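Numbering of the sequence shown is given in this note's numbering, commencing with residue 23 and proceeding in unit increments. We put the beta carbon where it would ideally sit given N, CA and C, even for glycine. Just so we're clear, the structure is a prediction, and the values are computed from it rather than from any experiment. Following: one structure in structure tokens, then a few remarks.
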Amino acid sequence: MIRRLRFKFVCANMAIVTVMLAVIFGAMYQVNRTTLEQEIVDQMRMMVAVDTVMSQDGREAAPPSWVWDNCFILQLNQNGSVIGVTQQGVDTPPDWSVLEDLAEIALSDGRESAILERYSLRYCRVSAPMGDYLVFVDSSYEQSRLQDALWDSVRMGIASFAAFLVISILLARWAVKPVERAWKEQRQFVADASHELKTPLTVILTNAELLQEPGYDPAAKQTFSRNILAMSRQMRELIEQLLELARVDNGLPNAARKRVDWSKTVADAVMIFEPVCFERGHSVTSWIEPGLEVRGDPTRLQQVAEILLDNAGKYANPHSVIEVDLRRISPKHCLLSVSDPGAPISRDDLDNIFKRFYRTDPARERNGSYGLGLAIAEGIVTGCRGKIWAESENGINTFYVRLPLLRQERTALPEGRQ
């Protein structure tokens with residue numbers, strides 16, 4: 023799939039590039055052709071002007087050396103008949119009848135200047151005080167220059183096409199990387215979800231089959247029923263987290279982006295989890311700067327704080343202190359940190375800990391967790407244009423959440439706080 027996507031990306035890019043190159047070099051060739059034609063026509067008119075001046079002075083009416091080896095000027099009367107000719111570079115003077123035929127063809131054509139392909143001549147009609155003139159020049163020079171320009175355009179087009187092809191291939195690899203990563207994560211997510219559901223389903227099916235056996239006493243059957251109930255609750259919790267993760271991935275509607283008192287939300291979460299942490303043998307200390315407001319969904323933002331507190335309570339060392347700190351770190355941002363002493367988290371685990379179904383091993387055991395809580399928290403924080411990350415130093419594991427403050431809160435820091 024990824025290869026086909028890259029191939030389609032390159033084909034689409036090269037189709038656009040081909041059209042653009044054709045238009046650009048076609049326009050350049052047309053401009054060069056028009057410019058060259060105008061240059062030649064101007065020189066042909068200048069030849070008539072020189073010829074007229076020299077004839078009035080009584081000198082020999084021979085034009086100076088131009089870029090053409092063969093050229094001649096025909097002077098016409100009012101009826102369009104040839105009454106005079108000036109030649110240059112012509113070893114054998116053209117037959118008079120041929121000159122009249124050329125004049126007739128040029129006059130009947132109706133255009134001011136054009137190329138007579140049959141004779142390889144370009145003509146130009148010029149009106150002067152002494153009468154009308156037809157200037158004929160060899161068109162091989164013009165054709166040669168146009169052909170050179172055409173081949174230059176073709177070579178430049180091929181070189182540009184090759185360069186864009188290489189760029190498109192590299193760009194396709196870069197552009198498809200997020201899709202490839204998302205595709206791999208999706209496949210991994212499906213595999214992990216299937217694995218998580220497989221275990222409780224196996225337990226449920228096994229205990230349900232045992233319930234059908236007549237050889238077990240009521241106490242054993244009651245045990246089988248409890249196992250089925252426990253696994254069913256476990257599956258329900260997993261499915262609820264999967265649904266919550268799907269809702270987070272869909273993003274928040276604009277209506278859900280409300281003004282949230284982040285200080286009060288964190289304080290409420292700490293109050294809820296203090297008894298839970300106490301039962302686990304931990305204590306909680308907090309320092310929360312009041313009046314910090316952010317924009318988001320109040321319920322989901324509280325869920326972020328609860329996930330971090332629950333995560334700290336599960337993996338902190340026995341009888342340790344969990345520290346919660348929320349303060350403004352700049353006029354535009356506030357920072358929440360939840361720290362707990364525990365088994366150090368490796369650098370690889372820190373890079374992957376927010377992935378779905380990811381659980382560090384062996385330092386962090388399952389403890390009833392599916393590895394979705396931090397992924398949900400990351401989705402919520404990202405949806406609020408914030409950032410969440412984890413650090414592990416000196417036996418202290420800390421999770422940070424940085425959120426943008428509302429504009430009204432973007433004031434100067436209190437004195438002494440950096």
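For this session: Spell out a yes or no on whether the region 395–414 and the region 241–248 are touching, meaning 3 or more CB-CB pairs, one atom from each, closer than 8 angstroms.
Result: Cβ pair count under 8 angstroms is below three, so no.
Problem set entry | Cβ separation of L427 and V343, assumed to be a contact under 8 angstroms, to the nearest whole Å | Reading the sequence shown from its first residue, position 405 is the one you call residue 427. Reading the sequence shown from its first residue, position 321 is the one you call residue 343. Not really, about 28 angstroms apart at Cβ, beyond 8 angstroms.
For this session: Please determine, among S361, W309 and N35, the residue with the shortest C-alpha to C-alpha distance to G417.
Result: By 1-based counting over the sequence shown, the position of residue 417 is 395. It is S361 whose Cα lies nearest to the Cα of G417.
Exercise. Are three or more beta carbon pairs between the region 120–135 and the region 92–107 nearer than 8 angstroms?
Worked result: yes
Exercise. Below 8 angstroms between beta carbons: does that hold for S175 and F47?
Worked result: Mapped onto the sequence shown, residue 175 falls at position 153. Mapped onto the sequence shown, residue 47 falls at position 25. Inclusion of S175 and F47 in the CB contact set at 8 angstroms is warranted, their separation being smaller than that value.
Problem set entry | Own chain residues within Cβ distance below 7 angstroms of A397, not counting five before or after | The residue given as residue 397 occupies position 375 in the sequence shown. If we look at A397 and ignore the five residues flanking it on each side, its Cβ neighbours are L267, F376, K377 and R378.
For this session: Would you mind reading off the limits of the beta strand (DSSP E) that contains E413?
Result: Position 391 of the sequence shown, counting from 1, holds the residue named residue 413. Residue range K409 to E415 is occupied by the beta strand (DSSP E) that includes E413.
For this session: Just mark D319 as buried or exposed, buried being the case when its beta carbon has 16 or more other beta carbons within 10 Å.
Result: Taking the first residue of the sequence shown as position 1, residue 319 is located at position 297. Taking all protein chains shown into account, D319 has 16 or more neighbouring C-beta atoms within 10 Å of its C-beta and is therefore buried.
Exercise. If we ignore side chains and look at the alpha-carbon of each, how far apart do H217 and E301 end up?
Worked result: Translated into positions along the sequence shown, residue 217 becomes position 195. Translated into positions along the sequence shown, residue 301 becomes position 279. Going from the Cα of H217 to the Cα of E301 covers about 31 angstroms.
For this session: Using the Cα positions of R269 and I402, report the straight-line distance between them to the nearest angstrom.
Result: Counted from its first residue, the sequence shown places residue 269 at position 247. Counted from its first residue, the sequence shown places residue 402 at position 380. Each residue's alpha carbon lies about 10 angstroms from the other.
Problem set entry | Nearest-angstrom beta carbon gap, L348 and V288 [assumed within contact, 8 angstroms] | Counting from 1 along the sequence shown, the entry for residue 288 is found at position 266. Counting from 1 along the sequence shown, the entry for residue 348 is found at position 326. The pair is a contact, with the Cβ atoms about 5 angstroms apart (cut-off 8 angstroms).
For this session: Could you tell me the distance, in whole angstroms, from the CA atom of R183 to the CA atom of I24?
Result: Taking the first residue of the sequence shown as 1, we reach residue 183 at position 161. Taking the first residue of the sequence shown as 1, we reach residue 24 at position 2. With the sequence shown as reference, residue 183 is identified as Phe, and Arg is not the correct amino acid for it. Each residue's alpha carbon lies about 24 angstroms from the other.
Problem set entry | Sufficient close CB pairs (3 or more, under 8 angstroms) joining the region 131–142 to the region 157–166 | yes
Exercise. In terms of DSSP beta bridges, what is T307 paired with?
Worked result: As a working mapping, residue 307 is identified with position 285 in the sequence shown. DSSP lists E345 as partners of T307.
For this session: Report all residues from its chain with a CB closer than 6 angstroms to the CB of L372; omit the five preceding and five following residues, and keep chain order.
Result: Taking the first residue of the sequence shown as 1, we reach residue 372 at position 350. So the list reads A412, once near-sequence residues are dropped.
Exercise. Just curious, the beta strand (DSSP E) that E315 is in, first and last residue?
Worked result: Here the question's residue 315 lines up with position 293 in the sequence shown. Its beta strand (DSSP E) spans residues E315 to G318.
Exercise. At what residues does the alpha helix (DSSP H) containing C406 begin and finish?
Worked result: The residue labelled residue 406 in the question sits at position 384 within the sequence shown. It is not in any alpha helix (DSSP H) - C406 carries neither H nor E in the DSSP assignment.
Problem set entry | 8 angstroms contact criterion, which F295 and E328 should meet: CB distance rounded | The residue you call residue 295 lines up with position 273 of the sequence shown. The residue you call residue 328 lines up with position 306 of the sequence shown. Confirmed, Cβ separation roughly 7 angstroms.
Problem set entry | Start and end residues, beta strand (DSSP E) containing I418 | The residue you call residue 418 lines up with position 396 of the sequence shown. Element bounds for I418: I418 to P426.
Exercise. Which stretch, first to last residue, makes up the alpha helix (DSSP H) that contains D123?
Worked result: Position 101 of the sequence shown, counted from the start, is the residue given in the question as residue 123. Run containing D123: W118 to D131, per the alpha helix (DSSP H) assignment.
For this session: Taking 8 angstroms as the cut-off, decide whether the C-beta atoms of F31 and A197 are in contact.
Result: Numbered from 1 along the sequence shown, position 9 holds the residue referred to as residue 31. Numbered from 1 along the sequence shown, position 175 holds the residue referred to as residue 197. It is a contact, given that the beta carbons lie within the stated cut-off.
For this session: Report the rounded CA-to-CA distance for K206 versus Q169, giving the unit in angstroms.
Result: As a working mapping, residue 206 is identified with position 184 in the sequence shown. As a working mapping, residue 169 is identified with position 147 in the sequence shown. Answer to the nearest angstrom: the Cα atoms are 53 angstroms apart.
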